[in-house]
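The structure appears right after this line, and notes come after that.
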Amino acid sequence: MATDDLSRRTFLARIGVLGASITVLPHCGEPDTGITTAQLSLGALVDLLRPVLAELSRDTWNGFVAFNVPGRDAYSRAQGTPRHERGGIEAGGTDALIANLDRFLPFPDELVRPAAAALVTALRDLPLPLAGGLLGDLLGLSIVTIRLVEDAVRFILENDNTTPLSLPVALLLNYVATVVSPASLNGAFVSPFARLSFADKARAMEMIETSLPQLVAVVDAQIPQPLKASVSGLLQLLGGALHELAAFGSLGESRQFDPRTRGLTGRPVGWQLTGYLPDNQTGDGWDDLIGYYQDRREVSDA
Amino acid sequence: MRDVIVIGAGGGGPVVAKELAQRGLSVLLLEAGPRHANPRAEWTHFENDANNPLTGFLRFGPADRGKPAWFRELPQNSFLFQVSGVGGTTQHYFANCPRAYPGAFAGYDKPDRNAYDTAHLFPFRYEELVPYFEWVEATLPVQTAAMGKKERTFFDGCETLGIPVQTTKTTLSDSFRPQENAILQPGGAAGRTRDLTQLRFPLATGCTFCGYCLQGCMEPIQAPRNLVAKRSTDNSYIPMALTADAWSPSGTSITLIADAFATQLLTETRNGELVATGVTWRIGATGERHTETAQVIVLAAGTTETPRLWLNSGLPNPNDWVGRGYTDHFFDFVVGLFDKDTDSSKGPASAARCDFPGRGGLENIGLGPALQAFTMQLTSSGSRGFYTNGRGMTGPWDGPAGRPIGPELKDALMNGVNRLLNILVITDDDVEAQNRVLLSALPGDEHGPVPKVIFRAGNRTARTQANREFLVRKATALLRGAGARKVFRLDWAPLILHVQSTMRMGLAPEDSVLDADAEARWVKRLFIADNSALANALGGPNPTLTTQALATRTAEKIFQRYFGGDPWVGRESPVVSTDNAVTQAVIARGL
Numbered sequence: 001m002a003t004d005d006l007s008r009r010t011f012l013a014r015i016g017v018l019g020a021s022i023t024v025l026p027h028c029g030e031p032d033t034g035i036t037t038a039q040l041s042l043g044a045l046v047d048l049l050r051p052v053l054a055e056l057s058r059d060t061w062n063g064f065v066a067f068n069v070p071g072r073d074a075y076s077r078a079q080g081t082p083r084h085e086r087g088g089i090e091a092g093g094t095d096a097l098i099a100n101l102d103r104f105l106p107f108p109d110e111l112v113r114p115a116a117a118a119l120v121t122a123l124r125d126l127p128l129p130l131a132g133g134l135l136g137d138l139l140g141l142s143i144v145t146i147r148l149v150e151d152a153v154r155f156i157l158e159n160d161n162t163t164p165l166s167l168p169v170a171l172l173l174n175y176v177a178t179v180v181s182p183a184s185l186n187g188a189f190v191s192p193f194a195r196l197s198f199a200d201k202a203r204a205m206e207m208i209e210t211s212l213p214q215l216v217a218v219v220d221a222q223i224p225q226p227l228k229a230s231v232s233g234l235l236q237l238l239g240g241a242l243h244e245l246a247a248f249g250s251l252g253e254s255r256q257f258d259p260r261t262r263g264l265t266g267r268p269v270g271w272q273l274t275g276y277l278p279d280n281q282t283g284d285g286w287d288d289l290i291g292y293y294q295d296r297r298e299v300s301d302a
Numbered sequence: 303m304r305d306v307i308v309i310g311a312g313g314g315g316p317v318v319a320k321e322l323a324q325r326g327l328s329v330l331l332l333e334a335g336p337r338h339a340n341p342r343a344e345w346t347h348f349e350n351d352a353n354n355p356l357t358g359f360l361r362f363g364p365a366d367r368g369k370p371a372w373f374r375e376l377p378q379n380s381f382l383f384q385v386s387g388v389g390g391t392t393q394h395y396f397a398n399c400p401r402a403y404p405g406a407f408a409g410y411d412k413p414d415r416n417a418y419d420t421a422h423l424f425p426f427r428y429e430e431l432v433p434y435f436e437w438v439e440a441t442l443p444v445q446t447a448a449m450g451k452k453e454r455t456f457f458d459g460c461e462t463l464g465i466p467v468q469t470t471k472t473t474l475s476d477s478f479r480p481q482e483n484a485i486l487q488p489g490g491a492a493g494r495t496r497d498l499t500q501l502r503f504p505l506a507t508g509c510t511f512c513g514y515c516l517q518g519c520m521e522p523i524q525a526p527r528n529l530v531a532k533r534s535t536d537n538s539y540i541p542m543a544l545t546a547d548a549w550s551p552s553g554t555s556i557t558l559i560a561d562a563f564a565t566q567l568l569t570e571t572r573n574g575e576l577v578a579t580g581v582t583w584r585i586g587a588t589g590e591r592h593t594e595t596a597q598v599i600v601l602a603a604g605t606t607e608t609p610r611l612w613l614n615s616g617l618p619n620p621n622d623w624v625g626r627g628y629t630d631h632f633f634d635f636v637v638g639l640f641d642k643d644t645d646s647s648k649g650p651a652s653a654a655r656c657d658f659p660g661r662g663g664l665e666n667i668g669l670g671p672a673l674q675a676f677t678m679q680l681t682s683s684g685s686r687g688f689y690t691n692g693r694g695m696t697g698p699w700d701g702p703a704g705r706p707i708g709p710e711l712k713d714a715l716m717n718g719v720n721r722l723l724n725i726l727v728i729t730d731d732d733v734e735a736q737n738r739v740l741l742s743a744l745p746g747d748e749h750g751p752v753p754k755v756i757f758r759a760g761n762r763t764a765r766t767q768a769n770r771e772f773l774v775r776k777a778t779a780l781l782r783g784a785g786a787r788k789v790f791r792l793d794w795a796p797l798i799l800h801v802q803s804t805m806r807m808g809l810a811p812e813d814s815v816l817d818a819d820a821e822a823r824w825v826k827r828l829f830i831a832d833n834s835a836l837a838n839a840l841g842g843p844n845p846t847l848t849t850q851a852l853a854t855r856t857a858e859k860i861f862q863r864y865f866g867g868d869p870w871v872g873r874e875s876p877v878v879s880t881d882n883a884v885t886q887a888v889i890a891r892g893l
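In order, the protein sequence lines correspond to chains A and B. Mapping of the first sequence onto the working numbering: position 126 corresponds to residue 126, and the numbering continues sequentially without gaps. Take the position in the second sequence, starting the count at 1, then add 302; the result is the number in the working numbering.
Here it is in structure tokens:
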């Protein structure tokens, strides 16, 4: 297999796209989708891949939220930190994190789109080959399909009306996951990141947080001035913000909040975990007044 | 033409607006965000609804919450905690009102005079500002804070530190004390019940100990706006400014326009000098742009937005200090877990403090679960036990600095949000040219190029870093003394919340933007009245009171210099913002 073809194949596997899309792509073993490569157009593939990528993204963020606030879910068990009580996923932390990344984190499209495109190009070119055996069934995909998939991913990243920041960042997490543990290319879940052990997730986040110099250098090289330094800055910001937003979303009330009534539909997981407001009412006061320290009620310089 | 246009209704702008309205000037006050005229209908006590930095009603963004927050570029791991809307960041502040330390001012000659940022002192003596402190303290008013269980726990720790109790407004030495804060102290049923039927004005007055300072204050239920417990400017100076004709014999009420983002300062050359003449702003709901002229312009958009507007307006910057010298008190956060109740999420969020002049200070912080979790993830030191990002300092706290993650985070939170005590480390940090606001190269928004805020957390001055390490050790000792079983040090990444000095006044024209009267050195009739005007980080005390005192002084300077008036501070008695004439006007006008 030509080096370039292997590079493309490896890249798409690392970001999780090939594994996630294996059931919708032709000539990749089973199940038979009934579609042949000759019938595939870019537009059709984009339509096929869009929901696949959304699922991949959610799977990745489930893996991240479980890392942040583990619970009794499958992701927490898989990373080796099972809990008896509910965690971030059941609290709605995944939904909150994706919503914040996609709808409201106000990175301008002019930054996110070239950054996402650079990600596709730059990560593909990183000299980090995989042992052929790890690619497994993915080697069965034709190079025509591989190239179309890459084009489709690029198309989605560059052309969607609202830039879904959660997707390129999830792809980055998956890529780094396969660097930390090549074995994460295969296994339960769709996302390589979600397949990592707790310690390996920490190693992956270290690479993001410290802006893996190799990664930043290659990505920055794809970005035109004057945006060049902004991408590495974005990665450093995200390295911290992902943790903060995941924890905030996991301990907050967003899943139980009804904006129409401005009230709750149930007891938030975070409140239960922390013993906050046992009566489940925010109320307007507490009987917590003790008095004044040393009974002093005013001071002056006079 | 107006007499004065004030840009920004945060902590400083409304002070100038109220003071000049009281003198009878015609004042227009512009605010980029919403005016929450009816908090009971618009707000809740929920953390995500209020404080989500992207969607909360106290975010930094347009009035329409369906639209994304305003983007600013942060090229490092950090969090810029801005709030738009009438009241600005005072809407979520804790109302703590310590005075700046005397050592941050020119002419200070006590034995510890070299312990401060001596290269960037205020260009006048501390004593000159004292009458203005007193004026603001009487207006808000500022009072000695009551004590709940978390303060009692904090004081238990303080009593083991070997430092005295401070009983003066001015901080003279290492000491601890209840906060002097701008919160009406509890009266009637307030602080004594959870019964909603009792927590209504006037059965309850002042602080009800609800625990929601950070979500905006609307207590007690049915209190007139100027009698709401926390004295954020939307509850104090704004009601006064909007009713100045009712309580001041010579007063003229201001015009307040919200959802009005200033995009351009207008200038012209007169007699060889550049002079400010007007402002253009954009209405968020319609996109319409308006321009008005005035005899004097007061810029109070905030420590990040003020230099942005200056630069976007193409105003001069001959010494390149516009936006430079950003100080943020280089916060750190220390969390102690207890085997007893502390009631950390109840009561005023922060009602106790320690002061260490020349170093900075400590204060307790009470939070709900979501913000507690948020604050325990913000770090420059990575995830404890796994990686340190080259930091992960060790010391008297337990384990390396950094964020607890996964099971450790969860176990800490499950210890109970009311069985912990947080201490905010407030460092006296040096003015450094490298920490700054500039215009981002990224595409701008509808208001022009956006600000880029740069902080070099790992490259602060030796004094700044030493101050922080000193204070973190004091915080740890305090928590141990109070009985903490386990102490986490977070080594916060820059949480840019106490913001100061990006348009600093100074002694030297070489490294300051404003003269000693807060007028721009290179643009006449243009004054600055927000935290950006502060000369330095004050020695560490929370900045709002000093900004408000300085803004009062600036209002006097404007009145004397451009309107032929006389000064009033020290000659007249201030009217308290809870005065019955204000209350009656607020009720009558539906404010």
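Cβ coordinates follow ideal geometry from the N, Cα and C atoms, glycine included. Model, not experiment: these values are computed from the prediction.
Selection from A:Ser166, A:Arg296, A:Leu171 that minimises the alpha carbon distance to Ala241 (chain A): A:Ser166
One or two residues paired with Glu482 (chain B) in a DSSP bridge: B:Thr446
Supposed contact pair Leu726 (chain B) and Leu463 (chain B) - C-beta distance, whole angstroms, cut 8 Å: Going by Cβ atoms, the distance from Leu463 (chain B) to Leu726 (chain B) rounds to 16 Å, so no, they are not a contact pair.
Cα-Cα separation between Ala835 (chain B) and Asn186 (chain A), rounded to whole angstroms: 58 Å
Contact set between Ala786 (chain B) and chain A, taken where Cβ atoms lie within less than 9 Å: Neighbours of Ala786 (chain B) on chain A: none; closest Cβ ~17 Å, over 9 Å.
Where Gln802 (chain B) falls: helix, strand or coil (DSSP): strand
DSSP state of Pro541 (chain B) mapped onto helix, strand, coil: helix
Short CB-CB distance (under 8 Å) between Gly291 (chain A) and chain B: yes
Cα-Cα separation, Pro751 (chain B) to Glu253 (chain A): 35 Å
Nearest-angstrom Cβ-Cβ length linking Gly668 (chain B) and Gly513 (chain B), presumed shorter than 8 Å: 6 Å
Buried/exposed call for Glu209 (chain A), threshold 16 Cβ in 10 Å: buried
Residues of the segment 256 to 289 of chain A with Cβ closer than 7 Å to any Cβ of chain B, in chain order: Phe257, Arg262, Gly270, Trp271, Leu273, Thr274, Gly275, Tyr276, Thr282, Gly283, Asp284, Gly285, Trp286, Asp287, Asp288, Leu289
Nearest candidate by alpha-carbon position, reference Ile559 (chain B), set B:Arg591, B:Ala548, B:Trp549: B:Arg591
For Ala786 (chain B), the three-state DSSP class (helix, strand or coil): coil
Through-space distance from Ser142 (chain A) to Ile798 (chain B), alpha-carbon basis: 51 Å
Element boundaries [beta strand (DSSP E), containing Thr571 (chain B)]: 562 to 572
8 Å Cβ cutoff, Glu521 (chain B) in contact with chain A: yes
Assigned exposure category for Ser647 (chain B) - 16 Cβ within 10 Å defines buried: buried
Burial state of Gly29 (chain A), where buried means 16 or more other Cβ atoms lie within 10 Å: For Gly29 (chain A), the predicted structure reports a pLDDT of 43, less than 50, and the residue's modelled location is therefore unreliable. A value from the coordinates is still provided. That one is exposed.
Lys754 (chain B), enclosing alpha helix (DSSP H) - first and last residue: From DSSP, Lys754 (chain B) is part of no alpha helix (DSSP H) but of the beta strand (DSSP E) over 753 to 756.
Cross-strand partners of Met807 (chain B) (DSSP beta bridge): B:Leu816
Closer than 8 Å to chain A by CB, Tyr403 (chain B): no
Min CB distance Gly233 (chain A) to chain B below 8 Å: yes
Cross-strand partners of Cys656 (chain B) (DSSP beta bridge): B:Phe478, B:Leu664
Contact check, Gly490 (chain B) vs Cys509 (chain B), beta carbons under 8 Å: no
Beta carbon of Leu516 (chain B) nearer than 8 Å to that of Ala837 (chain B): no
Against chain B: residues of the segment 39 to 67 of chain A by CB proximity under 9 Å: Ala66, Phe67
Coil, strand or helix - Glu30 (chain A) by DSSP: Only weak support exists for where Glu30 (chain A) lies, its pLDDT of 43 falling under 50; the coordinates are left without a value.
Cβ neighbours of Leu12 (chain A) in the same chain (closer than 7 Å, five flanking residues each side left out): Leu18, Ile146, Val149, Glu150
Within 8 Å, strictly: CB atoms of Glu375 (chain B) and Ser742 (chain B): yes
Residues that DSSP places opposite Thr261 (chain A) in a beta bridge: Note: Thr261 (chain A) sits in no beta bridge, so no partner.
Neighbouring residues, chain B, relative to Ala199 (chain A) (Cβ below 8 Å): Phe688
Proximity to Gln393 (chain B) [Cα-Cα], best of B:Ser477, B:Arg693, B:Ile485, B:Ala319: B:Ile485
8 Å Cβ cutoff, Met449 (chain B) in contact with chain A: yes
Counted within 10 angstroms of its Cβ, other Cβ atoms place Asn416 (chain B) as buried (16 or more) or exposed: exposed
Own chain residues within Cβ distance below 6 Å of Phe396 (chain B), not counting five before or after: Cys515, Ala651, Ser652
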